[in-house]
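Visitor:
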Amino acid sequence: MIEKRQFYINGEWVDPKEGSDHHVINPTTEEPCAVISLGGKADTDAAVAAAKAAFPGWMATPVAERLALVEKLAEVYKARSEEMAQAISLEMGAPIDMARSQQWGAGYGHIKNFLKAAEGFEFIKPLGDHAPNDRIIREPIGVCALITPWNWPMNQITLKVIAAAIAGCTMVLKPSEESPLDALVFADMMHEAGFPKGVFNLVNGDGQGVGSQLSGHPDVDMVSFTGSTRAGIAISKNAAETLKRVHLELGGKGANIIFDDADDKAVKRGVMHMMNNTGQSCNAPSRMLVQKGIYDKAVETAAEVANGIAVGPANEEGKHIGPVVNEAQWNKIQGLIQKGIDEGARLVAGGTGRPENFNKGFYVRPTVFADVTNDMTIAREEIFGPVLSIIPFDTEEDAVKIANDTVYGLTNYVQTQDGARANRLAQQLRSGMVEMNGQSRGAGAPFGGMKQSGNGREGGVWGIEDFLEVKAVSGWAAG
Numbered sequence: 001m002i003e004k005r006q007f008y009i010n011g012e013w014v015d016p017k018e019g020s021d022h023h024v025i026n027p028t029t030e031e032p033c034a035v036i037s038l039g040g041k042a043d044t045d046a047a048v049a050a051a052k053a054a055f056p057g058w059m060a061t062p063v064a065e066r067l068a069l070v071e072k073l074a075e076v077y078k079a080r081s082e083e084m085a086q087a088i089s090l091e092m093g094a095p096i097d098m099a100r101s102q103q104w105g106a107g108y109g110h111i112k113n114f115l116k117a118a119e120g121f122e123f124i125k126p127l128g129d130h131a132p133n134d135r136i137i138r139e140p141i142g143v144c145a146l147i148t149p150w151n152w153p154m155n156q157i158t159l160k161v162i163a164a165a166i167a168g169c170t171m172v173l174k175p176s177e178e179s180p181l182d183a184l185v186f187a188d189m190m191h192e193a194g195f196p197k198g199v200f201n202l203v204n205g206d207g208q209g210v211g212s213q214l215s216g217h218p219d220v221d222m223v224s225f226t227g228s229t230r231a232g233i234a235i236s237k238n239a240a241e242t243l244k245r246v247h248l249e250l251g252g253k254g255a256n257i258i259f260d261d262a263d264d265k266a267v268k269r270g271v272m273h274m275m276n277n278t279g280q281s282c283n284a285p286s287r288m289l290v291q292k293g294i295y296d297k298a299v300e301t302a303a304e305v306a307n308g309i310a311v312g313p314a315n316e317e318g319k320h321i322g323p324v325v326n327e328a329q330w331n332k333i334q335g336l337i338q339k340g341i342d343e344g345a346r347l348v349a350g351g352t353g354r355p356e357n358f359n360k361g362f363y364v365r366p367t368v369f370a371d372v373t374n375d376m377t378i379a380r381e382e383i384f385g386p387v388l389s390i391i392p393f394d395t396e397e398d399a400v401k402i403a404n405d406t407v408y409g410l411t412n413y414v415q416t417q418d419g420a421r422a423n424r425l426a427q428q429l430r431s432g433m434v435e436m437n438g439q440s441r442g443a444g445a446p447f448g449g450m451k452q453s454g455n456g457r458e459g460g461v462w463g464i465e466d467f468l469e470v471k472a473v474s475g476w477a478a479g
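Each step along the sequence shown adds one to the number in full-length UniProt numbering, with nothing skipped, and position 12 is 12.
Here it is, written out as structure tokens:
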């Protein structure tokens, strides 16, 4: 049993001042794999105080010095890749090969991309030729509370921590109590890289405890949260009392629109994308909209692909998918699969219960429903598991209407060989991101959504800007 009962505050590993023990469950075995401490108000206050005390000095640190520390962190992060991958695989069930490549790799990619984005970033720049003595200054917002989820832990931690550090903010990280081990490894990496005391702090806790204490804390200037829409609403309400900035990356119910001229691999690609990370991605293409001329064939292909996806333990190498993170998620997914059946969707792959040969572990059968209508529960709610809903459509206008008929607006996908149509849909779909024909967004592209998928953008220059205030200055002295 791993014991991680300390927090990282003001450059040191310290014992909790108060709080309680929490068992981290290995979703592959359903057995405890670690014990951590959940902090209390005294721990939260100590971390915020350390960040507040460190802020003036870190804000005044030349950008080049801040970037040099991030460069050092990138070296440490790369050198300790296996340790990080093992932690992620153990705590949240990502198969080890996937943890080594996608989970660890997402964090490394963001660190490198932020360094590139910072190369040409202007923290002080002229307003314009019409006002030669005016300057626009971008300066750090202050102490930031960073609250991250369990599903892509290093992806979200690096998107927040690195952007905040480059901007000149100090921070307190509260990772998910479901996946705290990777965050503790990351804190040790920050220490090894040599970040000054108080710039980065970590306190473990749950949402009702440390999460609420941070979002309502008078000395926290900004909250950056990734997680459920329900929790995002609660954080926004709590933060309103102190009028702090709130950045939210929330849920999604992405539409993958497959036209009759889509390439031959579009359906398979969509199913595999949906099932990646066992469906535990906010930008998963969970609604597959298929034009009626190719609908029957698409349903047949989707079922075949889903039935061919292997499910297995996280600690075993291979291209299988692992378990979902915990019992609560497993039960929720099972309930929604049953709801799909009860509401009349046609089950063509998977279904309720564990896959064959599994009687333990939070494993879910890769599931595909056909003949789904957009008013069904499985088309409205974010399932956060390996469950795909296929919806038929007639015309381009129908597809756009169905795709936009959701409270979410994170990522939509379009599969067509008609460039003009693709461009039209890119402008009509109400989402923060649109991806075409299997082409991923480029390095440094902004990640974020509209409507109940949140606000703000992470990644690249937009991610840095989210942690900055804009100051207008007139009468700037020449020289």
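The beta-carbon is built from N, C-alpha and C at its ideal position, and this holds for glycine as well.
Remember, it's a predicted structure, so these values are computed and weren't measured experimentally.
Please say whether V324 and P95 have beta carbons closer to each other than 8 Å?
Guide: The answer is no: Cβ separation not under 8 Å.
Visitor: Just the C-alpha distance for A167 and G293, rounded to the nearest angstrom, thanks.
Guide: Distance between the alpha carbons of A167 and G293 is about 51 Å.
Visitor: P153: which of G93, I136, T29 sits nearest, CA to CA?
Guide: Checking every option, the nearest Cα to that of P153 belongs to G93.
Visitor: Measure from the alpha carbon of F114 to the alpha carbon of each residue in A234, D405, G351, A74, then state which is nearest.
Guide: If we check each option's Cα against that of F114, A74 comes out closest.
Visitor: My output table needs one value for W330: the three-state DSSP class, helix, strand or coil.
Guide: Correct three-state label for W330: helix.
Visitor: To which residues does DSSP link Q428 through a beta bridge?
Guide: Its beta-bridge partners do not exist; DSSP assigns none.
Visitor: What are the partner residues of N256, as DSSP defines its beta bridges?
Guide: Paired residues: M288, Y413.
Visitor: Using only the alpha-carbon positions, how far apart do D394 and G252 sit?
Guide: Each residue's Cα considered, the two are about 24 Å apart.
Visitor: Give the range of the beta strand (DSSP E) segment to which Y363 is assigned.
Guide: Y363 -> no beta strand (DSSP E), and no H or E assigned at all.
Visitor: Would you kindly report the start and end of the unbroken alpha helix (DSSP H) that includes A131?
Guide: Unbroken run through A131 is the beta strand (DSSP E), 131-140; no alpha helix (DSSP H).
Visitor: Within 10 angstroms of the Cβ of Q417, are there 16 or more other Cβ atoms? Answer buried if so, exposed if not.
Guide: That one is exposed.
Visitor: Report the partner residues of I321 according to the DSSP bridge assignment.
Guide: Looking at the DSSP assignment, I321 forms a beta bridge with V311.
Visitor: Taking Cβ to Cβ, would you say G456 is nearer than 8 Å to L146?
Guide: No, the Cβ-Cβ distance between G456 and L146 is not below 8 Å.
Visitor: Leaving out five residues on either side along the sequence, give the residues of the same chain with a beta carbon under 7 Å from the beta carbon of K17.
Guide: Closer than 7 Å at Cβ, skipping near neighbours: G40, A42, D43, A46.
Visitor: Is the beta carbon of G216 closer than 8 Å to that of A239?
Guide: Against a cut-off of 8 Å, the Cβ pair of G216 and A239 comes out as a contact.
Visitor: When the Cα of N204 is compared with those of E382, L173, G318, which residue comes out closest?
Guide: Closest by alpha carbon: L173.
Visitor: Locate the beta strand (DSSP E) running through W13, then write down its first and last residues.
Guide: Looking at the DSSP string, the run of the beta strand (DSSP E) that includes W13 is 12-14.
Visitor: What separation, rounded to the nearest whole angstrom, lies between the Cα atoms of P386 and S286?
Guide: So the two alpha carbons sit approximately 9 Å from each other.
Visitor: Give me the residue from S440, A303, G432 with the minimum Cα distance to residue 493.
Guide: One cannot answer for residue 493 here, as it falls past the ends of the chain, which runs 1 to 479.
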